[in-house]
Amino acid sequence: MPAAAALTKNIRELRFLLSQTGESSKTLKSFLVKSYKPLKKANPDLPILIRECSGVQPTLVMRLEKGVEVKKNLNDLSESEIGELLKA
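The sequence shown begins at 1 in my numbering and counts up one residue at a time.
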């Protein structure tokens with residue numbers, strides 16, 4: 001994800017759900033380690049929540065205008081594919 005990854009103004013909140021120990025969450029963990037700071041710097045007013053839960057599948061929940069929530073399963077996605085989901 002590029003350093004200047006400004007997201008669309010329609011996104012009101014990003015919520016990442018991942019397992020602390022699950023193999024399926026390793027890619028998401030790696031993505032967050034590399035991309036959190038540039039993402040937050042480009043979108044300083046956007047709440048970015050990271051929730052770790054035992055046994056949960058890696059998921060992205062985007063809260064949009066008027067409280068609409070969109071869930072995306074991040075299982076089996078690469079780091080670049082996760083970045084593309086945020087740009088879409």
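The C-beta atom is built at its ideal place from N, Cα and C for all residues, glycine as well.
- Query: Does DSSP put Thr27 in a helix, a strand or coil?
  - Reply: helix
- Message: In the DSSP assignment, the alpha helix (DSSP H) including Leu86 goes from what residue to what residue?
- Response: 79-87
- Task: Would you check if the distance between the CB atom of Glu69 and the CB atom of Val61 is smaller than 8 Å?
- Result: yes
- Message: Distance check for Ser25 and Ser35, CA to CA, integer angstroms please.
- Response: 15 Å
- Item | Rounded C-alpha distance that separates Glu23 from Pro38 | 25 Å
- Query: Whose C-alpha, out of Ile50, Gly67, Pro44, Glu79, is nearest the C-alpha of Leu7?
  - Reply: Pro44
- Message: By alpha-carbon positions, which one of Lys66, Gln57, Gly67 ends up nearest to Asp76?
- Response: Gln57
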